[in-house]
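Novice: The numbering of the sequence shown is full-length UniProt numbering, which starts it at 1 and goes up by one.
Positions of the beta carbon are idealized from the N, C-alpha and C atoms, including for glycine.
Quick caveat: nothing in here was measured; it's all calculated off a predicted structure.
Let me begin by handing over the structure; questions about it come next.
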Amino acid sequence: MASAAMSSDKKELEALPTVDAGEVRELMSSSHHYLDVRLGKDFDKAHADGARNISYYLSVTPSGKEKNPHFVDEVAELFGKDEHLIVGCNTGVRSRLATKDLLDAGFKNVRNLQGGYQSFLQSENQQPAALQQ
1 MASAAMSSDK
11 KELEALPTVD
21 AGEVRELMSS
31 SHHYLDVRLG
41 KDFDKAHADG
51 ARNISYYLSV
61 TPSGKEKNPH
71 FVDEVAELFG
81 KDEHLIVGCN
91 TGVRSRLATK
101 DLLDAGFKNV
111 RNLQGGYQSF
121 LQSENQQPAA
131 LQQ
C-alpha cells in the first residue's frame, strides 16, 4: 500500500507546471518572479539576477534534511497568491517539492524550473551572478 502512495506522489510531482530554463529570462522581464529555494549560503555564492531567496530546507546534511516549517508563510510575506512565480533550486528536485507545497497552499501561478539554477546557467551561457563582479 505504501508503494502505491509513493507512486501517486511521484506522478503528482511529475505533473507539476514547469518552465524550461530557456524561457526564464523572458518571463522574468515580464511579470514573473524567480524564487530560489536553495540554502541561503548557496544563494549568496551565486544566483540569477533579481532572484529572491527563501530556503525550502533549513539544513541539508549527510544524515538528512530539515524542511523549513515556515516556507509557505515566508513566501506569502513576499508574494501574493496570484503573482507569477518561477521556483528554482540547484537541479530542480527540491523546487518541485516547493512548487507542490505552494500550489497546495493556494498559490495559483507557480511553475518549477526544470533542471534548476544549473540549467538556467547553461541556457544563459553565463557565469553565476555573484561571480560577475
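1. Among the residues of its own chain, which have a CB less than 8 Å from the CB of lysine 67, if the five just before and after it don't count?
2. Taking only three categories from DSSP, how would you classify leucine 131?
3. May I ask you to report which of helix, strand or coil DSSP gives glutamate 83?
4. Run the CB neighbour count on glutamine 122, radius 10 Å, all protein chains shown included, and call it buried at 16 or more, exposed below.
5. Kindly provide the ranges of any alpha helix (DSSP H) runs that are 4 or more residues long and lie completely inside the UniProt domain "Rhodanese" (28-125), ordered along the chain.
6. Taking the Cβ atom as the reference point for each residue, do glycine 116 and threonine 99 lie within a distance shorter than 8 Å?
7. Counting Cβ pairs closer than 8 Å, one from the segment 41-50 and one from the segment 61-75, do we hit at least three?
8. Using the Cα positions of alanine 15 and arginine 111, report the straight-line distance between them to the nearest angstrom.
9. Note down the Cα distance separating valine 60 from serine 31, rounded to an integer number of angstroms.
10. I think phenylalanine 120 touches valine 24, with their Cβ atoms under 8 Å apart; what is that distance to the nearest whole Å?
11. Excluding sequence positions up to five away, which residues of its chain have a Cβ less than 7 Å from the Cβ of alanine 82?
12. Could you check if serine 95 is buried or exposed, using at least 16 other CB atoms within 10 Å of its CB as the buried criterion?
13. When you compare only the Cα positions, how much space is there between isoleucine 54 and leucine 27?
14. Sorted by chain position, which residues of the same chain lie with C-beta nearer than 6 Å to proline 17's C-beta, five sequence neighbours on each side aside?
Specialist: To lay it out plainly:
1. Residue mapping note: residue 67 aligns to position 67 of the sequence shown, counting from 1. So the qualifying residues of the chain are Tyr56, Tyr57 and Leu58.
2. In the sequence shown, the residue the question calls residue 131 occupies position 131. Confidence is the limiting factor: at leucine 131 the pLDDT is only 39, short of 50, which leaves the residue's position unreliable, though a coordinate-based value still follows. Reduced to three states, the DSSP call for leucine 131 is helix.
3. By 1-based counting over the sequence shown, the position of residue 83 is 83. Coil at glutamate 83, not helix or strand.
4. Indexing the sequence shown from 1 puts residue 122 at position 122. Result: exposed.
5. 40-45, 71-78, 93-104 and 116-124
6. The residue given as residue 116 occupies position 116 in the sequence shown. The residue given as residue 99 occupies position 99 in the sequence shown. Cβ distance not < 8 Å, so glycine 116 and threonine 99 don't count as in contact.
7. no
8. Translated into the one-based positions of the sequence shown, residue 15 becomes position 15. Translated into the one-based positions of the sequence shown, residue 111 becomes position 111. Using only the alpha carbons, I get a separation of about 11 Å.
9. In the sequence shown, the residue the question calls residue 60 occupies position 60. In the sequence shown, the residue the question calls residue 31 occupies position 31. Roughly 32 Å between the two C-alpha positions.
10. By 1-based counting over the sequence shown, the position of residue 120 is 120. By 1-based counting over the sequence shown, the position of residue 24 is 24. Phenylalanine 120 to valine 24, Cβ: 6 Å. Contact.
11. The sequence position of residue 82 within the sequence shown is 82, counting from 1. Per the sequence shown, residue 82 should be read as aspartate rather than alanine. Excluding positions up to five away in sequence, the list reads Lys108 and Asn109.
12. Against the sequence shown, residue 95 aligns to sequence position 95. Under this definition serine 95 is a buried residue.
13. For the purposes of this step, residue 54 is taken as the residue at position 54 of the sequence shown. For the purposes of this step, residue 27 is taken as the residue at position 27 of the sequence shown. Rounded to whole angstroms, isoleucine 54 to leucine 27 spans 20 Å at the Cα level.
14. Taking the first residue of the sequence shown as position 1, residue 17 is located at position 17. Result list for proline 17: Arg111, in chain order.
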